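Protein chains in written order, with my numbering: chain B, 917 to 999; chain L, 917 to 999; chain H, -16 to 130; chain X, -16 to 130.
Where a beta carbon is used, it is the ideal one built from N, C-alpha and C, also for glycine.
Because the structure is a prediction, the values reported are computed rather than measured.
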Amino acid sequence: MKLLYFAWVRQKIGVSEEDVSPPDSVTSVSKLIDFLKARGVGYEAAFRDVKALRVAVNQQHSAFDAAIGPNDEIAFFPPVTGG
Amino acid sequence: MKLLYFAWVRQKIGVSEEDVSPPDSVTSVSKLIDFLKARGVGYEAAFRDVKALRVAVNQQHSAFDAAIGPNDEIAFFPPVTGG
Amino acid sequence: MSEIRIQTSDFDPGAEIAALNDLSGSIGAIASFVGLVRGDGGLIAMTLDHYPGMCEREIAAHVAEAKSRWPIAGLRIVHRVGRLTPGERIVFVGVASAHRQAAFHAAEFLMDYLKTSAPFWKREERESGETWVETRAQDDESVKRWR
Amino acid sequence: MSEIRIQTSDFDPGAEIAALNDLSGSIGAIASFVGLVRGDGGLIAMTLDHYPGMCEREIAAHVAEAKSRWPIAGLRIVHRVGRLTPGERIVFVGVASAHRQAAFHAAEFLMDYLKTSAPFWKREERESGETWVETRAQDDESVKRWR
């Protein structure tokens, strides 16, 4: 599963992208967030307030209850601010 | 009195500008038109339908009853079509 | 800060935009427009006639109106006259402003004015002959929306 | 006929307009917009972050919407990312069309989208530090008027 982070999400986590292999029980974006928050203080800070976050699954804006699988590209970022 | 003609007014009259010295009785644009119509077939054709014409006195759009004098610049042209 | 030119020669849109490109960091937007001769209906060429002096004065009055309506940091208008063939540039309007909507609206306002009410007269050449263009009602509508 | 580029390097507005300048006589209008970094409130620099791939796809979807709404003969969008200082160019939008209102409106529609809803994130540097910009309500209004 490929994860991408943008803007302050990237800054808090400290990497711009990574490959993760969460357990099979991680079947939605919400469950992925719970899995990631347990990985360290940077992740915990980034995902503390999910209302401040947006998510894209395979480059499409998605809901937090969207289903995800091991081959998906999942990106977390704040609301876009435009150019 | 300096006269200027534009677009088809110029084409009908055959000159783009000229100096004229009408009699003192020519005190308005309308009277100037009557004076000019007597000068030849080109003028008569140009001024046949004054509703199709616009006039400017000293580079300001004017009415046909506007007062004019010997030092004025008077221009006749069709309604503008823009660029 | 504003420049109005009526000329027979062509112009360079990039150079006009560069002249508006104030590097001070006070402007955020340059909206511009290039008008070209369309070859509709077998048009061979069009010739633009204008009233030198009055034309510049009237355009300047509309530039002043635009400046009273929108915050404008810089403005350039170039309008060609004489004989022009399809594909040739006729007109440039460029507006620099702090804000994009002001720049867009002022440029559109000035273009609507220039295309409908500025003291130009157009003659069109076609195979069938040459005719002077008459005032178009549609374009008058585009001007009314600013009133 | 449309080109969308996201790049760190600067661009040349004149070259972009020249690329839209179809000489066939079928277009009558090229409306364009150049956005610049404003130095408001002591801004030292801004840095634009974007989601490569998704950003181009989302912009392309809005270009497709613009083409469905207005008759567009050519369209170019260039958006810079990375660190930019006041006075630098950020964005170019150019639209060629037979008609000036279509060109203006499509350019304005795309700029409203790019400035408010395109997948970019802005960080601003000031003496006081660096902050990520939050979504602005005013700009959202500018997008709503197209709905």
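Ranked by Cα distance from S941/L, the options F993/L, G998/L, I984/L and I990/L are led by I984/L. With a cut-off of 8 Å on Cβ pairs, the segment 70 to 80 of chain H is not in contact with the segment 32 to 40 of chain H, counting fewer than three such pairs. Interface criterion not met: the Cβ of M(-16)/H is under 8 Å from no Cβ in chain L. Closest option to K928/L, judged by alpha-carbon separation, among F993/L, A982/L, G999/L and G998/L: F993/L.
Taking G930/B as the centre and dropping the five residues before and after it, the same chain places the C-beta of G958 closer than 8 Å to its C-beta, in chain order. For the pair of segments examined, the segment 6 to 22 of chain X was found to touch the segment 5 to 12 of chain H: the number of CB pairs separated by less than 8 Å reaches three. In chain order, G70 make up the part of chain X whose C-beta sits under 7 Å from the C-beta of L6/H. With distances taken between CA atoms, R59/H lies nearest to E(-1)/H out of F(-6)/H, V116/H and E(-1)/H. In the three-state reduction of the DSSP assignment, I55/H falls in the coil class. Using beta-carbon distances, T118/H counts as an interface residue toward chain L, with a partner under 8 Å.
For the pair of segments examined, the segment 21 to 29 of chain X was found not to touch the segment 91 to 111 of chain H: the number of CB pairs separated by less than 8 Å stays below three.
Contact check for F922/B against A991/B passes: the beta carbons are separated by less than 8 Å. Closest in C-alpha terms to S7/H, from the list G57/H, R130/H and A85/H, comes G57/H.
In the structure shown, G112/H falls within a strand segment according to DSSP collapsed to helix, strand and coil. With respect to the C-alpha of S111/H, the residue from R66/H, V76/H, I27/H and H45/H having the closest C-alpha is I27/H. Scanning the segment 13 to 63 of chain X from its first residue to its last, the whole alpha helix (DSSP H) runs of 4-plus residues come out as 37 to 52. Counting C-beta pairs with one atom in each stretch, the segment 965 to 978 of chain B and the segment 942 to 953 of chain B have three or more that are closer than 8 Å, which means they touch. Annotation: Cβ neighbours of A972/L in chain H (cutoff 9 Å, chain order): Y34, M37 and P102. As the crow flies, the alpha-carbon of V925/L is around 17 Å from that of G998/L.
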